[in-house]
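Chemist: Protein chains in written order, with the working numbering: chain F, 1 to 230; chain U, 231 to 460.
Where a beta carbon is used, it is the ideal one built from N, C-alpha and C, also for glycine.
Just so you know, these numbers come straight off a predicted model, no measurement behind them.
Quick one: this structure, given as structure tokens, is what I'll be asking you about.
2 protein chains.
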Amino acid sequence: MPDLPGLHAGDPARRIPPASVARLTIYLRALNSLIADGTERVSSEELADAAGVNSPILRKDLSHLGSYGTRGVGYDAQFLTRQISSALGLTLDWRVAIIGVGNLGRALAGYPGFVSRGFGIVALVDADQLVVDTEVGYLRVSAVDELEAVLERTRTNIAVLCVPTSVAQEMCDRLVDAGISSILSFAPVVLQVPDHVQVRKVDMSTELQILAYHAQRAQEPDLGPISRAQ
Amino acid sequence: MPDLPGLHAGDPARRIPPASVARLTIYLRALNSLIADGTERVSSEELADAAGVNSPILRKDLSHLGSYGTRGVGYDAQFLTRQISSALGLTLDWRVAIIGVGNLGRALAGYPGFVSRGFGIVALVDADQLVVDTEVGYLRVSAVDELEAVLERTRTNIAVLCVPTSVAQEMCDRLVDAGISSILSFAPVVLQVPDHVQVRKVDMSTELQILAYHAQRAQEPDLGPISRAQ
DNA sequence: TCCTGTGAACTCGTTCACAGCG
DNA sequence: CGCTGTGAACGAGTTCACAGGA
Numbered sequence: 001m002p003d004l005p006g007l008h009a010g011d012p013a014r015r016i017p018p019a020s021v022a023r024l025t026i027y028l029r030a031l032n033s034l035i036a037d038g039t040e041r042v043s044s045e046e047l048a049d050a051a052g053v054n055s056p057i058l059r060k061d062l063s064h065l066g067s068y069g070t071r072g073v074g075y076d077a078q079f080l081t082r083q084i085s086s087a088l089g090l091t092l093d094w095r096v097a098i099i100g101v102g103n104l105g106r107a108l109a110g111y112p113g114f115v116s117r118g119f120g121i122v123a124l125v126d127a128d129q130l131v132v133d134t135e136v137g138y139l140r141v142s143a144v145d146e147l148e149a150v151l152e153r154t155r156t157n158i159a160v161l162c163v164p165t166s167v168a169q170e171m172c173d174r175l176v177d178a179g180i181s182s183i184l185s186f187a188p189v190v191l192q193v194p195d196h197v198q199v200r201k202v203d204m205s206t207e208l209q210i211l212a213y214h215a216q217r218a219q220e221p222d223l224g225p226i227s228r229a230q
Numbered sequence: 231m232p233d234l235p236g237l238h239a240g241d242p243a244r245r246i247p248p249a250s251v252a253r254l255t256i257y258l259r260a261l262n263s264l265i266a267d268g269t270e271r272v273s274s275e276e277l278a279d280a281a282g283v284n285s286p287i288l289r290k291d292l293s294h295l296g297s298y299g300t301r302g303v304g305y306d307a308q309f310l311t312r313q314i315s316s317a318l319g320l321t322l323d324w325r326v327a328i329i330g331v332g333n334l335g336r337a338l339a340g341y342p343g344f345v346s347r348g349f350g351i352v353a354l355v356d357a358d359q360l361v362v363d364t365e366v367g368y369l370r371v372s373a374v375d376e377l378e379a380v381l382e383r384t385r386t387n388i389a390v391l392c393v394p395t396s397v398a399q400e401m402c403d404r405l406v407d408a409g410i411s412s413i414l415s416f417a418p419v420v421l422q423v424p425d426h427v428q429v430r431k432v433d434m435s436t437e438l439q440i441l442a443y444h445a446q447r448a449q450e451p452d453l454g455p456i457s458r459a460q
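In structure tokens, the structure reads:
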């Protein structure tokens, strides 16, 4: 099937491969840091180094957005930042509610990288009466009974789930019923949600276990097939 | 090249694809939860459902470890748990040091899922004199000046980096120089490390941005190539 | 007959080499 | 001439269909 007229690489309708989307967020951070250091123009090689990838894959990733570089020269750092932000939808305003204000929820509420780049925390919700109505990072904590009302009033479009594992699915169901379709979960469980809901998981125990796997293999190099063959 | 004698699928020397390793940790959790509910035997279909994957890929993942199921029946939940744990290296003891005892470091120190399954927190380290020598979750916080001595004394083999972005690379270098080769970082930067060092990153702002990308696309269904073609 | 284990087909992602433009 | 943008080759990962043992 030939491309339709008006549908070139830079068209926002063109879906960006998931692996590219993940890397685009890294490029954005690398660009920020380069711009902070006074960089105006950057080559694919330089940006790739800063992002910890190789330059062909960076160019291929950027090509999904369109042709925003200058051949023989490189990319305008500011302009490229805007293009990536726009492609990722970071120019819209994202209203984040943190559900569960324990140690982790508190850490997130105070996390500076959270507020930057279009994400604003608009609500904190907790079940513990000792926490409800206290102030955490300039926001008053709401009671979980009022969850649905708070989500509606604040026009929350992203929820961050920091509740104990045992109530994570239940709370997730309430979020979905309240019309939330983007959830970032810190609970170490597989959440069951309808197809239209996007769930991303941040999971420290999985990451630790992956580290353990690699460390274990590094400890036993003599078990490798090559050395065993000799 | 034919397989060498003694090198079958279940041999620990056989490298497990990264994508499978990540899922194996999920199966482990799903199995735990099934066992807690009294399950003794489980089919690939049931376990796959609990883990949120399809059954062929679960069977393929398990086949990297060996043939631990019974055809026509399924898997013994306890036995399979032991086999996966062993393949991931979770039977060894992993000594974790938390570097940076801010909000996030504190949250991790108290995180129950952390201590379970072979991971034990053995040290807390911070640069803030107000925090040093205080007790956090039954451990005394050590000064960052003593980092190298603490890592050696506690025989730390995994470090968790929860320090501010600005000092993350510097602290990472010190960890590497002190002989640490497994690092879990919460800092939103690309850490430069030698090849033999494994770094895993947990990155909330990346995850949020990925959610934003999908939510943005869901908001504008009319831009899809199919509907535009009509 | 049931459900596991696995080659073979296929899809997705990465690497490469170079055409093309400034 | 330099660096971007991209088709084409390659490799990793997933799906499928079914062979094969309990």
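Using only the alpha-carbon positions, how far apart do A187(U) and A327(U) sit?
Modeler: Any question about residue 187(U) goes unanswered here, given that chain U covers just 231 to 460.
Chemist: Distance check for A30(F) and S20(F), CA to CA, integer angstroms please.
Modeler: One-based indexing of the first sequence puts residue 20(F) at position 20. One-based indexing of the first sequence puts residue 30(F) at position 30. Each residue's Cα considered, the two are about 15 Å apart.
Chemist: What residue range does the beta strand (DSSP E) around Q198(F) cover?
Modeler: By one-based count along the first sequence, residue 198(F) stands at place 198. Unbroken beta strand (DSSP E) run through Q198(F): Q198 to K201.
Chemist: I'd like to know whether the C-beta atoms of L198(U) and R370(U) end up nearer to each other than 9 Å.
Modeler: Any answer about residue 198(U) is impossible in this case: the structure gives chain U only from 231 up to 460.
Chemist: Does the beta-carbon of A266(U) have 16 or more other beta-carbons within 10 angstroms, so that it is buried, or is it exposed?
Modeler: For this step, residue 266(U) is matched to residue 36 along the second sequence. By the neighbour-count rule (16 or more Cβ atoms within 10 Å), A266(U) is not buried but exposed.
Chemist: Could you pull the DSSP bridge partners for R271(U) from this structure?
Modeler: Within the second sequence, residue 271(U) is the residue found at index 41, counting from 1. Partner(s): D306(U).
Chemist: Looking at the structure shown, is I84(F) part of a helix, part of a strand, or coil, going by DSSP?
Modeler: Mapped onto the first sequence, residue 84(F) falls at position 84. If DSSP states are grouped into helix, strand and coil, I84(F) belongs with the helices.
Chemist: According to DSSP, F344(U) sits in a beta bridge with which residue or residues?
Modeler: As a first step, residue 344(U) is located in the second sequence; it is residue number 114 there, counting from the start. None, per the DSSP bridge assignment.
Chemist: Using beta-carbon positions only, say whether L414(U) and L211(F) come within less than 9 Å of one another.
Modeler: Position 184 of the second sequence, counted from the start, is the residue given in the question as residue 414(U). Position 211 of the first sequence, counted from the start, is the residue given in the question as residue 211(F). Cβ distance < 9 Å, so L414(U) and L211(F) count as in contact.
Chemist: What in chain U is Cβ-close to F114(F), meaning under 9 Å?
Modeler: Counting from one through the first sequence, the residue named residue 114(F) turns up at place 114. The contacting residues are M434, S435 and L438.
Chemist: Is the beta carbon of P17(F) within less than 8 Å of some heavy atom of the ligand COA?
Modeler: No copy of the ligand COA appears in this structure; indeed no ligand is present at all.
Chemist: Does the beta-carbon of M1(F) have 16 or more other beta-carbons within 10 angstroms, so that it is buried, or is it exposed?
Modeler: Here residue 1(F) refers to the residue found at position 1 when the first sequence is read from its first residue. With a pLDDT of 34 at M1(F), under the threshold of 50, the modelled position of that residue is not reliable, and the figure given next carries that caveat. Exposed: under 16 other Cβ atoms inside 10 Å.
Chemist: Any Cβ of chain U within less than 9 Å of the Cβ of G120(F)?
Modeler: Within the first sequence, residue 120(F) is the residue found at index 120, counting from 1. No, no contact with chain U.
Chemist: For V366(U), return the contacting residues in chain F, with the cut-off set at a CB-CB distance below 9 Å.
Modeler: The residue labelled residue 366(U) in the question sits at position 136 within the second sequence. Near V366(U) there are no residues of chain F at all, since even the closest Cβ is about 11 Å away, more than 9 Å.
Chemist: List, in order along the chain, the chain U residues whose C-beta lies closer than 9 Å to that of G52(F)?
Modeler: For the purposes of this step, residue 52(F) is taken as residue 52 along the first sequence, with counting starting at 1. In chain order: V420, L421 and Q422.
Chemist: Examine chain F for any beta-carbon lying closer than 9 Å to the beta-carbon of S273(U), and answer yes or no.
Modeler: By 1-based counting over the second sequence, the position of residue 273(U) is 43. No, its Cβ sits nowhere closer than 9 Å to a Cβ of chain F.
Chemist: Whose C-beta lies closer than 7 Å to the C-beta of G110(F) among residues of the same chain, with five residues either side of it excluded?
Modeler: On the first sequence, position 110 is the one that residue 110(F) refers to. Closer than 7 Å at the Cβ level, and outside the excluded window around G110(F), lie G137.
Chemist: Quick one: list the residues of chain F neighbouring I256(U), beta-carbon separation under 8 Å, in chain order.
Modeler: Counting from 1 along the second sequence, the entry for residue 256(U) is found at position 26. Neighbours of I256(U) on chain F, chain order: V190 and T206.
Chemist: Determine, for R82(F), whether the minimum Cβ-Cβ distance to residues of chain U falls below 9 Å.
Modeler: As a first step, residue 82(F) must be located in the first sequence, where it is residue number 82. Not closer than 9 Å to any Cβ of chain U, the Cβ of R82(F) fails to qualify, so no.
Chemist: Candidates Y443(U), S435(U) and R430(U): which alpha carbon is nearest Q209(F)'s?
Modeler: Start at 1 with the first residue of the first sequence, and residue 209(F) comes out as number 209. When only C-alpha atoms are compared, the closest one is R430(U).
Chemist: How would you list, in chain order, the residues of chain U whose beta-carbon sits under 8 Å from the beta-carbon of N157(F)?
Modeler: Taking the first sequence and counting its residues from 1, the one referred to as residue 157(F) is at position 157. Within 8 Å Cβ-Cβ: A445.
Chemist: Taking 9 Å as the CB-CB limit, is L211(F) close to chain U?
Modeler: Here residue 211(F) refers to the residue found at position 211 when the first sequence is read from its first residue. It does: the Cβ of L211(F) has a partner Cβ on chain U nearer than 9 Å.
Chemist: Nearest-angstrom Cα distance between A168(F) and L191(F)?
Modeler: To locate residue 168(F), count along the first sequence from 1; it is residue 168. To locate residue 191(F), count along the first sequence from 1; it is residue 191. Approximately 8 Å, taken between the alpha carbons.
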